[in-house]
Structures are given as structure tokens and as C-alpha cells.
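Quick note: the sequence shown, position 166, residue 167 per the numbering used here, numbers continuous. Ideal Cβ positions, reconstructed from N, Cα and C, are used throughout, including at glycine. Source: prediction; values computed, not measured. Let me begin by presenting the structure, written as C-alpha cells, before commenting on it.
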Amino acid sequence: MFRFVTMVSLLSLGMATGMANGAMADALTETPADSVVLTPFPVDTSPNWTGFWVGGELGVISVGVSPGSGNEEGVIAGLAAGYDYDFGTFVLGGGFDYDLSETDVGNTGSDLENVFRVRLRAGFEIGRGLLYGTGGYAQADTDALGSEDGYFLGAGYEHLITPRFSYGTEVIFHDFNDYGDTSVDVDATTVQLRGTFRF
Numbered sequence: 002m003f004r005f006v007t008m009v010s011l012l013s014l015g016m017a018t019g020m021a022n023g024a025m026a027d028a029l030t031e032t033p034a035d036s037v038v039l040t041p042f043p044v045d046t047s048p049n050w051t052g053f054w055v056g057g058e059l060g061v062i063s064v065g066v067s068p069g070s071g072n073e074e075g076v077i078a079g080l081a082a083g084y085d086y087d088f089g090t091f092v093l094g095g096g097f098d099y100d101l102s103e104t105d106v107g108n109t110g111s112d113l114e115n116v117f118r119v120r121l122r123a124g125f126e127i128g129r130g131l132l133y134g135t136g137g138y139a140q141a142d143t144d145a146l147g148s149e150d151g152y153f154l155g156a157g158y159e160h161l162i163t164p165r166f167s168y169g170t171e172v173i174f175h176d177f178n179d180y181g182d183t184s185v186d187v188d189a190t191t192v193q194l195r196g197t198f199r200f
């Protein structure tokens, strides 16, 4: 009887030891079902147009008069500054430009010397670019006819090279009616390249 009990005890001890060793081996080789897998947070690579900006612009201007015939062309260049706010895919902003030129104003014997603009612009993001429309108040100054208030409308495209620098192109049509208290209407079209620093 004693030998039988001893054998049963040894057999039970061996089975318990084997089961324990098996459980330890499984614990070492199996991955827990509830293990945590770390994934990186998504990085937002879309451009952000919000902020102030300053820049320069250079291009050509075509000036015409009515009544009259033909247009006179010249070079126009200047500085610009403003502020944009990015709503997601839509951007709204405002600013001003001051451009210098020496372009004949038709057959009036006068030269267009500078153009000042106060603008609004609104556009939609296309990748890292902004396609926009713009318009506002314009004032032209000449050497013989004085200055005149008018308006302008245009469109442009601006592309962000880095978060701090962008470049683009813009086409603007200007209209000045009854220039200098005369019956002459002056219109001007500009095509300019723009470089902008943003901060």
C-alpha cells in the first residue's frame, strides 16, 4: 500500500512538473493576444497659408486710352505686403502693392509713374499651390495728368516652395475712368512674377 501511494505521488509530481515546464515554454514562445502595437501619429504635410507676408514683383504693363488707339507697353516692378488666413482648403487675405513704371499713356504726352493697390484675394488650395482671384482699389499717378482713382480685377497662382517662401504669377486689369478730370479713360493690364517671404 505504501509503495502504491509513493508511486502515485511520484507520478503526480512528474505530471505537474511537466505541465509547468510546458506552460513556461508556451509563455516564452507565444505573443500575448493583447500586446500593444505602437504606430506613429499621422503627420500633417498640407501647407498652411496663415500669416503675414512681404515680397516683390516684376513684370510688364500695357496701357491704353479711350478715345485713342493702340497700347503702350513697359516694365513695372514694386513691393507688396499683406496677410492671409487658411480655413482648410479655402484661403482669404488682403494686402497692398506699390509699383513703379515709366510707360507712355497713349497719345496724352504723359507717362504712368506708379500704381498703388489695396486688395482682397480669395482662393482654393491645389496641393502646395493657391489658385486665387483678387480685386480692389487702385490709384495711378502720371507726370502730366496727375493721379486718378480706379479699380482692378485679376487672378493668380502662388506656390509654396518652403513654409517661408513662395513664388507665383498674377494678371491684373486696371480701369481709370475720366482720368484727371478729362474725358480720357485709361486702362492698364499687368502680368507679373511675384516672390514672397512668409512669417
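Exposure label - residue i; buried when at least 16 CB within 10 Å
{"i": "V76", "result": "exposed"}
{"i": "I173", "result": "buried"}
{"i": "T135", "result": "buried"}
{"i": "S67", "result": "exposed"}
{"i": "F177", "result": "buried"}
{"i": "D98", "result": "buried"}
{"i": "D85", "result": "buried"}
{"i": "D182", "result": "exposed"}
{"i": "G110", "result": "exposed"}
{"i": "D150", "result": "exposed"}
{"i": "G96", "result": "buried"}
{"i": "D179", "result": "exposed"}
{"i": "T51", "result": "exposed"}
{"i": "T163", "result": "exposed"}
Straight-line gap, residue i to residue j (C-alpha atoms, nearest Å)
{"i": "G169", "j": "L194", "result": "6 Å"}
{"i": "I62", "j": "F117", "result": "14 Å"}
{"i": "R199", "j": "A139", "result": "24 Å"}
{"i": "N108", "j": "G65", "result": "9 Å"}
{"i": "G137", "j": "P48", "result": "26 Å"}
{"i": "F153", "j": "F166", "result": "26 Å"}
{"i": "D87", "j": "A145", "result": "43 Å"}
{"i": "G79", "j": "G56", "result": "9 Å"}
{"i": "I127", "j": "L59", "result": "24 Å"}
{"i": "E103", "j": "G147", "result": "14 Å"}
{"i": "L121", "j": "T90", "result": "17 Å"}
{"i": "E73", "j": "D188", "result": "11 Å"}
According to DSSP, residues forming a beta bridge with residue i
{"i": "G181", "result": "Answer is none; G181 lacks a bridge partner."}
{"i": "D70", "result": "The sequence given here places Ser at residue 70; Asp does not occur at that position. Paired residue(s): none; S70 is not in a bridge."}
{"i": "S102", "result": "I77"}
{"i": "T197", "result": "G56 and S167"}
{"i": "G94", "result": "D85 and R122"}
{"i": "G107", "result": "In DSSP, G107 forms no bridge with anything."}
Boundaries of the beta strand (DSSP E) in which residue i is found, first to last residue
{"i": "N115", "result": "D112 to I127"}
{"i": "A145", "result": "Segment: none, A145 is in no beta strand (DSSP E) and carries neither H nor E."}
{"i": "F53", "result": "G52 to S67"}
Checklist entry - Unbroken beta strand (DSSP E) runs of length 3 or more, entirely within the segment 148 to 174: which are they? => result Every beta strand (DSSP E) stretch that sits fully inside the segment 148 to 174 and reaches 3 residues is listed by chain position as 148 to 163.
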